[in-house]
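Protein chains in written order, with the numbering used here: chain X, 80 to 220; chain P, 25 to 203. Note that the Cβ used here is the ideal one computed from N, Cα and C, for glycine as well. To keep things clear, I will list the structure first and then write my remarks on it.
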């Protein structure tokens with residue numbers, strides 16, 4: 080086959096699938112080259128033979144809903160896992176910091192803080208809440 | 025509603041928008057899967073897996089092209105992974121007329137099915153890469169650029185795969201031995 084014909088034939092497939100345009104020079108070649116003209120007609124015929132009406136695919140609404148629900152469950156699970164990981168990381172950091180303070184000789188202060196936060200804070204909180212509530216009532220009046 | 029609006033809504037966590045987007049592209053995805061696998065039940069499973077993966081990765085989607093391009097790329101990857109894992113997947117040898125819905129369009133559906141079974145026999149003989157490129161170009165009209173995105177290969181490779189596929193199919197239709 081003429082190397083020029085090979086190039087034209089390669090371009091004809093692109094033209095067949097709208098990736099390139101049938102230029103005047105290609106058309107002229109087709110008009111004068113029976114081999115390429117035959118190739119072009121065969122290409123059109125092949126395309127026709129392979130054409131097929133679109134497959135009758137019914138939209139499976141329930142399957143789409145199922146997939147999105149399943150995906151949402153997985154996303155929530157991942158989110159929970161992430162949050163748990165963050166909580167563990169923060170908890171470890173706090174414990175490490177307390178441990179470090181302990182080794183630096185702040186044992187007494189740590190114990191004092193623990194006792195305050197365990198026993199005194201729960202007693203103080205209702206008083207603070209009551210105070211804030213009264214303040215709010217005064218402002219409304 | 026336009027695709028890019030649905031995509032934006034879906035990325036913000038609107039499940040209804042995502043479902044609508046998937047509904048709009050379901051037929052293309054499933055059709056591509058049927059033509060690729062040549063097995064309806066396998067296509068069903070792969071389509072379901074693709075929908076799930078799309079739901080999980082919707083935040084990563086960059087709306088530069090069609091949504092269906094992205095969806096088909098996911099589906100293609102899932103199919104390739106499945107092929108690697110399960111080498112037993114071979115296209116059906118005998119054409120079947122199963123799963124034809126019984127309704128008023130039965131005759132038309134059967135004819136379509138028979139037509140498709142004929143084409144399937146030719147598609148089966150193409151390699152996975154050539155088949156995929158051919159299906160995307162011939163049946164769905166994707167551009168070389170879009171196919172290159174789906175196949176993750178250069179445009180030149182897409183072009184040469186299509187050319188080879190067409191020449192091979194032409195030989196098959198003419199009843200000549202394929203080289």
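Query raised in the report: Around the C-beta of residue 157 of chain P, are 16 or more other C-beta atoms found within 10 angstroms, so that it is buried, or is it exposed?
Result: Numbered from its first residue, the second chain carries residue 157 of chain P at position 133. The residue is buried, with at least 16 neighbouring Cβ atoms inside 10 Å.
Query raised in the report: What is the DSSP secondary structure of residue 136 of chain X, reduced to helix, strand or coil?
Result: By one-based count along the first chain, residue 136 of chain X stands at place 57. Coil at residue 136 of chain X, not helix or strand.
Query raised in the report: Using a C-beta cutoff of 8 Å, does residue 115 of chain X count as contacting chain P?
Result: Within the first chain, the letter at position 36 stands for residue 115 of chain X. No, no contact with chain P.
Query raised in the report: Interface residues of chain X around residue 91 of chain P at Cβ under 7 Å?
Result: Here residue 91 of chain P refers to the residue found at position 67 of the second chain. Result: empty, since nearest Cβ-Cβ is about 14 Å, beyond 7 Å.
Query - Collapsed DSSP secondary structure at residue 188 of chain P in the structure displayed - result: In the second chain, residue 188 of chain P corresponds to position 164, counting from 1. Helix at residue 188 of chain P.
Query raised in the report: Just how far apart, CA to CA, sit residue 38 of chain P and residue 172 of chain P?
Result: Here residue 38 of chain P is taken as the residue at index 14 of the second chain, counted from 1. Here residue 172 of chain P is taken as the residue at index 148 of the second chain, counted from 1. Going from the Cα of residue 38 of chain P to the Cα of residue 172 of chain P covers about 30 Å.
Query raised in the report: Under a CB-based cut-off of 8 Å, is residue 144 of chain X close to chain P?
Result: Looking up residue 144 of chain X in the first chain gives position 65. Chain P, which has a Cβ nearer than 8 Å to the Cβ of residue 144 of chain X, makes this yes.
Query raised in the report: How do the segment 171-191 of chain P and the segment 139-149 of chain X stand: do at least 3 beta-carbon pairs fall below 8 Å, yes or no?
Result: Output reads no: the segment 139-149 of chain X does not touch the segment 171-191 of chain P.
**Report entry** Candidates P:154, P:85, P:182, of which the one nearest residue 36 of chain P by Cα
**Finding:** Against the second chain, residue 36 of chain P aligns to sequence position 12. Here the closest residue by C-alpha is P:85.
Report task. Look up residue 64 of chain P in the DSSP assignment and say whether it is helix, strand or coil. Result -> Stepping through the second chain from its first residue, residue 64 of chain P is reached at position 40. Three-state DSSP puts residue 64 of chain P in a helix.
Query raised in the report: Less than 8 Å separating the beta-carbons of residue 44 of chain P and residue 53 of chain P?
Result: For the purposes of this step, residue 44 of chain P is taken as residue 20 along the second chain, with counting starting at 1. For the purposes of this step, residue 53 of chain P is taken as residue 29 along the second chain, with counting starting at 1. Not in contact: residue 44 of chain P and residue 53 of chain P (Cβ atoms no closer than 8 Å).
Query raised in the report: Mind checking whether residue 122 of chain X and residue 115 of chain X have CB atoms under 8 Å apart?
Result: Working through the first chain from its first residue, we reach residue 122 of chain X at position 43. Working through the first chain from its first residue, we reach residue 115 of chain X at position 36. No, they are not a contact pair.
Query raised in the report: Hey, is the segment 95-111 of chain P in contact with the segment 58-77 of chain P, meaning 3+ C-beta pairs nearer than 8 Å?
Result: Segments in contact, yes.
Report task. Answer yes or no: does any C-beta atom of chain X fall closer than 8 Å to that of residue 120 of chain P? Result -> For the purposes of this step, residue 120 of chain P is taken as the residue at position 96 of the second chain. For residue 120 of chain P, the predicted structure reports a pLDDT of 43, less than 50, and the residue's modelled location is therefore unreliable. The matter cannot be settled from this model.
Query raised in the report: Can you list the residues of chain P that residue 107 of chain X reaches, using a CB-CB cut of under 9 Å?
Result: Here the question's residue 107 of chain X lines up with position 28 in the first chain. Residues of chain P passing the Cβ test: none, with the nearest at roughly 23 Å.
Query raised in the report: Taking Cβ positions only, does residue 176 of chain P come closer than 8 Å to chain X?
Result: Residue numbering aside, residue 176 of chain P sits at position 152 when the second chain is read from its first letter. By this cut-off, residue 176 of chain P is not an interface position.
Query raised in the report: Does the beta carbon of residue 39 of chain P come closer than 8 Å to any beta carbon on chain X?
Result: Numbered from 1 along the second chain, position 15 holds the residue referred to as residue 39 of chain P. Residue 39 of chain P counts as touching chain X.
Requested in this report: Starting from the beta carbon of residue 121 of chain X, find every residue of chain P whose beta carbon is closer than 7 Å, and list them in chain order.
Outcome: Within the first chain, residue 121 of chain X is the residue found at index 42, counting from 1. Within chain P, the residues near residue 121 of chain X are 194.
Report task. Count the CB pairs spanning the segment 192-200 of chain P and the segment 146-161 of chain P that are closer than 8 Å, and state whether there are at least three. Result -> Taking one beta carbon from each stretch, the segment 192-200 of chain P and the segment 146-161 of chain P have 3 or more pairs nearer than 8 Å; the two touch.
Query raised in the report: Is the CB of residue 96 of chain X under 8 Å away from at least one CB in chain P?
Result: For this step, residue 96 of chain X is matched to residue 17 along the first chain. Cβ-Cβ to chain P under 8 Å: yes for residue 96 of chain X.
Query raised in the report: Would you call the segment 77-97 of chain P and the segment 46-64 of chain P in contact, with 3 or more CB pairs under 8 Å?
Result: Yes, the segment 77-97 of chain P is in contact with the segment 46-64 of chain P.
Query raised in the report: Residue range of the alpha helix (DSSP H) that residue 213 of chain X falls in?
Result: What you label residue 213 of chain X is simply residue 134 of the first chain in a count that begins at 1. Start and end: 200-219.
Query - Contacting residues, own chain, Cβ-Cβ under 8 Å from residue 34 of chain P (five flanking each side not counted) - result: As a working mapping, residue 34 of chain P is identified with position 10 in the second chain. Result list for residue 34 of chain P: 41, 42, 45, 82, in chain order.
Query - Three-way DSSP call (helix, strand, coil) for residue 151 of chain P in this model - result: Numbered from its first residue, the second chain carries residue 151 of chain P at position 127. Note: residue 151 of chain P maps to coil in three-state DSSP.
Query raised in the report: Smallest Cα separation from residue 152 of chain P: which of P:138, P:185, P:76?
Result: Along the second chain, one-based indexing puts residue 152 of chain P at 128. Ranking P:138, P:185, P:76 by Cα distance to residue 152 of chain P puts P:185 first.
Query raised in the report: residue 42 of chain P touches chain X at which residues, Cβ-Cβ below 7 Å?
Result: Your numbering for residue 42 of chain P matches position 18 in the second chain. Under the 7 Å cutoff, chain X gives 147.
Query raised in the report: Taking DSSP as the reference, what is the three-state secondary structure of residue 101 of chain P?
Result: If you number the second chain from 1, residue 101 of chain P lands on position 77. If DSSP states are grouped into helix, strand and coil, residue 101 of chain P belongs with the helices.
Query raised in the report: For residue 161 of chain P, is the classification buried or exposed, using 16 other Cβ atoms within 10 angstroms of its Cβ as the cut-off for buried?
Result: If you number the second chain from 1, residue 161 of chain P lands on position 137. Residue 161 of chain P comes out buried.
**Report entry** Test item: CB-CB of residue 99 of chain P and residue 136 of chain X under 8 Å
**Finding:** Here the question's residue 99 of chain P lines up with position 75 in the second chain. Here the question's residue 136 of chain X lines up with position 57 in the first chain. Contact: no.
Query - C-beta contact flag for residue 99 of chain X and residue 90 of chain X at 8 Å - result: Your numbering for residue 99 of chain X matches position 20 in the first chain. Your numbering for residue 90 of chain X matches position 11 in the first chain. It is a contact, given that the beta carbons lie within the stated cut-off.
Requested in this report: At 9 Å on the CB atoms, spell out the chain X contacts of residue 35 of chain P, in chain order.
Outcome: Locating residue 35 of chain P in the second chain gives position 11, counting from the first residue. Within chain X, no residue has its CB atom less than 9 Å from the CB of residue 35 of chain P, the nearest being about 13 Å off.
Report task. Report the three-state DSSP secondary structure of residue 54 of chain P (helix, strand or coil). Result -> To locate residue 54 of chain P, count along the second chain from 1; it is residue 30. Helix, per DSSP.
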